[in-house]
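Residue numbers (this note's numbering), protein chains in the order written: chain A, 167 to 498; chain B, 167 to 498.
Built from N, CA and C at the ideal position, the CB exists for glycine as well.
These notes concern the structure reproduced below.
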DNA sequence: TTGTACGCGTTATCAT
DNA sequence: ATGATAACGCGTACAA
């Protein structure tokens with residue numbers, strides 16, 4: 167089923183069919199409808215590959231995330247997709263699962279497909295890969311990108327301020343023994359949230375005790391990290407989690423060990439995913455506006471986007487503290 | 167950056183470069199490495215569009231789901247992707263959000279891309295669209311497909327038995343006033359789980375009271391449905407949810423209204439998503455083996471798959487009841 | 001073993 | 001307004 171078939175059936179040339187399909191201006195209404203009829207009769211659909219090959223342009227955006235199971239990424243995906251849809255663009259996702267090899271191969275695939283642009287939200291990307299991407303000529307936008315020489319547009323969250331708010335809030339509640347539950351990540355960059363946690367906690371006076379435990383980015387990971395934490399004998403009065411997704415498992419394990427939340431241990435998440443207000447107790451967390459991130463990425467990537475500015479804009483998002491039920495005054 | 171550039175740099179013809187890239191047998195090691203060097207020097211990546219256009223085949227599978235936010239679908243996606251990866255295939259997802267227009271356009275896109283195959287898990291698909299898909303010639307596999315004349319491979323869950331197990335279990339616990347919380351769905355087919363619930367409950371002796379409420383497929387939907395349910399004055403002692411995702415919101419709303427789960431109201435989910443054992447209380451649910459579904463779909467779609475059988479296999483999955491903490495004896 | 005040349009299905013540039 | 005036809009970048013018979 168090709169253009170030729172349609173052309174033959176409509177008694178016109180392929181050029182005309184192509185014009186109709188791309189609603190070019192000059193086509194007589196009569197022929198136009200003849201062509202359209204042939205198209206539906208034959209249930210014809212243009213070959214996308216031939217199309218982008220001949221036309222040169224693609225209307226597909228790529229999104230690269232670390233872990234699509236985490237609702238945080240899913241939300242960004244949705245926002246991006248919605249924004250893209252209004253611009254007649256599609257978006258394809260690839261989740262690396264924090265596996266560097268998957269990251270590399272996903273990038274290959276996206277480059278091979280000559281996408282219209284690519285949005286990257288993978289904390290484990292190194293400067294090398296990022297640079298390669300940028301130099302490949304594809305429009306690229308990063309969220310939390312590593313520092314690059316030729317900076318591409320970047321959207322950054324001010325995790326330092328966010329973490330500061332979180333720790334200060336807990337200190338105000340009287341917490342002096344804190345734990346951080348993070349997730350494994352390949353070295354680049356050392357997880358910003360964790361780094362800032364350490365920095366801030368280390369500076370606090372009077373001094374705070376703290377401990378760090380890491381595991382997979384999942385509820386199960388949160389549970390395992392908490393189990394290890396408690397098994398070590400350390401008794402935190404508050405656990406700061408790298409994100410809500412893991413916090414769900416942290417709370418679960420605490421409960422399973424007979425610890426009340428927040429009666430015995432306070433727990434904070436990060437991201438403010440939808441689920442965080444459905445757990446019991448509801449999670450205290452820091453909000454990161456995923457929708458805005460997704461929309462902004464689309465703006466940055468697609469020239470036809472309403473919010474598109476040619477120059478590489480740097481955008482900074484400051485996480486807001488959302489106090490709910492999982493935190494309370496420290497048990498004395 | 168094209169084959170030509172590489173060929174020129176390596177001092178060979180494009181045909182030879184192509185051979186190297188597709189590791190064809192007869193290429194002298196010396197020239198092979200010359201070509202490979204040129205490729206890396208130029209950071210060359212074959213144009214996927216030209217490739218599938220010329221070669222005719224595509225190594226990309228499509229997955230069509232109703233709501234990728236629901237972990238149920240996400241799990242299938244992952245299983246499918248993992249299986250596909252071992253066969254050097256990619257998979258692209260499209261989530262319709264239960265919007266028929268999105269479904270149609272996603273199908274268009276996938277057909278346009280001449281994918282190697284397409285897996286469909288959208289309850290809202292009608293026989294018309296399904297038929298169109300099958301007749302388009304693309305290898306297709308359905309999960310819970312509408313009945314078709316020319317049956318494509320289909321994977322079905324025996325919801326009737328599953329729902330029967332669920333209702334019988336609740337009856338055994340003394341529940342006589344049941345509610346069903348389902349999700350909106352375009353007509354085709356009337357949600358099987360709901361239909362079976364009604365059928366089974368209506369037959370039960372002594373007679374059961376029941377009521378149905380529907381909303382979006384999300385925790386928020388579950389919450390809203392429950393709110394409406396209670397506002398109506400109906401006092402179920404047990405709520406059967408169409409899936410775990412909504413059940414999360416159902417439990418939340420119950421708790422918010424001061425009702426204990428399962429003390430005052432028992433709640434059952436469906437699917438046995440990972441989250442269902444992280445909520446408090448843990449959800450009693452019916453297990454559906456998502457991983458198996460994803461793997462099987464890959465087997466059915468890809469000829470090179472180990473489990474591939476030429477003939478359209480019909481597979482039936484029977485949901486297993488998993489009893490956890492959200493159900494208990496009916497309050498007298 | 002390697003090169004030449006045609007075809008894949010479409011868009012776009014000329015003519016007409 | 002419409003029709004030829006040359007790209008687009010690659011795979012692959014067919015030759016050499």
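Would you say residue i lies against chain B (beta-carbon separation less than 9 Å)?
i	result
residue 234(A)	yes
residue 209(A)	yes
residue 492(A)	no
residue 488(A)	no
residue 441(A)	yes
residue 256(A)	yes
residue 172(A)	no
residue 481(A)	no
residue 414(A)	yes
residue 354(A)	Note that residue 354(A) scores 49 on pLDDT, short of 50, meaning its location in the model is unreliable and no value can be drawn from it.
Can you tell me where the alpha helix (DSSP H) with residue i in it begins and where it stops?
i	result
residue 414(A)	410 to 422
residue 281(A)	Per DSSP, residue 281(A) belongs to no alpha helix (DSSP H) and is neither H nor E.
residue 253(A)	Counting along the chain, residue 253(A) falls outside any alpha helix (DSSP H), and DSSP gives it neither H nor E.
residue 366(B)	358 to 369
residue 334(B)	325 to 338
residue 349(A)	First-last for residue 349(A): 343 to 349, but that is the beta strand (DSSP E), not the alpha helix (DSSP H).
residue 491(B)	Where residue 491(B) is concerned, there is no enclosing alpha helix (DSSP H), given that its DSSP letter is neither H nor E.
Going along the chain, which residues of its own chain have a beta-carbon closer than 8 Å to the beta-carbon of residue i, five neighbours each way excluded?
i	result
residue 224(B)	218, 279, 280, 281 and 282
residue 490(A)	442, 443, 447, 448, 449, 450 and 451
residue 234(A)	240, 243, 259 and 261
residue 337(A)	370 and 374
residue 493(B)	335, 336, 339, 404, 428, 432, 433, 434 and 450
Suppose the cutoff is 6 Å on Cβ atoms and the five residues either side in sequence are ignored; what does the same chain contact list for residue i look like?
i	result
residue 306(B)	284, 299, 300 and 318
residue 331(A)	487
residue 417(B)	427 and 433
residue 320(A)	308, 311 and 480
residue 358(B)	325
Exposed or buried, which one is residue i when buried takes at least 16 other CB atoms within 10 Å?
i	result
residue 371(A)	exposed
residue 288(A)	buried
residue 304(B)	buried
residue 260(A)	buried
residue 381(B)	buried
residue 195(A)	exposed
residue 463(B)	buried
residue 204(A)	buried
residue 177(B)	exposed
residue 348(A)	buried
residue 206(A)	exposed
residue 267(B)	exposed
I'd like the list of long-range same chain contacts for residue i, defined as Cβ closer than 7 Å, with 5 residues on each side in sequence excluded.
i	result
residue 180(A)	169, 170 and 173
residue 366(B)	329, 330 and 333
residue 249(B)	460, 461 and 464
residue 401(A)	343
residue 150(B)	The requested residue 150(B) is not part of the displayed model; chain B covers only 167 to 498.
Quick one: is residue i near chain A, going by C-beta distance under 9 Å?
i	result
residue 306(B)	no
residue 349(B)	no
residue 435(B)	no
residue 321(B)	no
residue 460(B)	no
residue 318(B)	no
residue 298(B)	yes
residue 184(B)	no
residue 301(B)	yes
For the beta strand (DSSP E) containing residue i, list its first residue and its last residue.
i	result
residue 211(A)	Looking at the DSSP string, residue 211(A) is not in any beta strand (DSSP E), and its letter there is neither H nor E.
residue 481(A)	480 to 483
residue 451(B)	451 to 453
Practice prompt. For the region 266 to 292 of chain B, enumerate the residues whose C-beta is nearer than 8 Å to any C-beta of chain A, in chain order.
Written response: 274, 275, 277, 278, 279 and 280
Worksheet item: When Cβ atoms are compared, which residues of the region 210 to 229 of chain A fall closer than 7 Å to chain B?
Response: 211, 212, 213, 214, 215, 216, 218 and 219
Discussion item. Which residues of the region 418 to 432 of chain B have a Cβ closer than 8 Å to any Cβ of chain A? Give them in chain order.
Written reply: 418 and 421
Worksheet entry | Members of the region 374 to 407 of chain B that neighbour chain A once the beta carbon cut-off is set at 7 Å | 385
Worksheet item: What are the residues of the region 444 to 456 of chain A that lie near chain B, defined by any Cβ-Cβ distance shorter than 8 Å?
Response: 444, 445 and 446
Fill in: chain B contacts made by the region 236 to 247 of chain A, where a contact means CB separation under 7 Å
240
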